[in-house]
Every structure is written in C-alpha cells, then in structure tokens.
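Quick notes on the structure that follows.
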Amino acid sequence: MMGSNMIGNDVIEVVAEFVSVKAGIELWMGRHDPPLALSRQFSVGRASSEAVRIAYESWVDYEKAYHSAGGRVSQIDKERDALILAVREAAAILVRAKAGGLA
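Residues 435 to 537, numbered by the working numbering, are exactly what the sequence shown covers, in order.
Written out as structure tokens, the structure is:
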C-alpha cells in the first residue's frame with residue numbers, strides 16, 4: 435500500500451504505523467526470553483494473520499473503488515475512511531495480542 439500512488443499521506447501514515455506495530459510484535463516474539471510457549475506463539479500468530487486479512491480486504495475494496503472512480507480520489511472518501519479504520523483496527527488487534535487480550 436505504502437508504495438501506491440492511489441493513496442495520500444494520511445493513509446500512508448496509518449499504514450506505516452501498522453507496519454511498525456507488526457514488525458515490533460515479530461521482534462518481540464523472536465526475542466522473548468524465555469521463549470513464548472507454543473500456544474502463545476500460535477495465538478499471537480493467529481491474531482497477526484487476522485490483522486493482515488482485515489487490512490488487505492479493506493485495501494482490495496479501496497483499490498476497486500479507486501479504479502471504478504477512474505482514479506478520482508475525491509469520489510472515494512467513504513472507502514478511504516474505511517481503509518484507515520480497518521488498518522487502525524488491524525494495528526489494535528496486534529497490540530491486544532501482544533498484551534494478552536487476543537483479537
């Protein structure tokens with residue numbers, strides 16, 4: 435998403451935050467001492483997959499709307515707002531998973 439010319443800086447900022455949270459949780463899992471129990475790794479990994487799915491599905495909807503509008507971003511405010519909300523929710527899922535309150 436971040437390299438796309440279909441989104442503005444407002445969306446890029448939210449996506450960058452998500453990427454940062456996702457990278458942070460991966461580092462946390464890999465560096466945890468003592469290593470996380472397999473069940474905890476699985477639950478965090480499952481939450482991570484769910485977060486990526488939510489962000490991706492919203493991106494696909496946004497991309498379809500963008501193309502349907504002929505690239506006129508002023509006509510897809512609803513989809514942009516939905517994308518921002520979805521990516522924020524995806525980041526929140528990761529934060530909750532790390533804290534132990536899964537998805």
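Virtual Cβ for every residue (Gly too), placed ideally from N, Cα, C. Since the structure is predicted, the reported quantities are computational estimates derived from the model, not experimental observations.
On the CB-based measure, 16 or more other CB atoms within 10 Å of its CB, does residue i come out buried or exposed?
i: W462; result: exposed
i: R480; result: exposed
i: E513; result: buried
i: F452; result: buried
i: A489; result: buried
i: V521; result: buried
i: S492; result: buried
i: M435; result: buried
Of all the CB atoms in chain B, is at least one closer than 8 Å to the CB of residue i?
i: A516; result: Of the chains in the structure shown, none is chain B; there is only one protein chain.
Using only alpha-carbon positions, find the residue among the options that is nearest to residue i.
i: G442; options: A525, S508 and R530; result: S508
i: V478; options: Y500, V455, M436 and Y490; result: V455
i: V448; options: K532, Y500 and A516; result: A516
Under DSSP, the alpha helix (DSSP H) around residue i begins and ends at which residues?
i: V529; result: D511 to A533
Taking only runs of the beta strand (DSSP E) that begin and end inside the region 455-501, which ones reach a length of at least 3 residues, in chain order?
none
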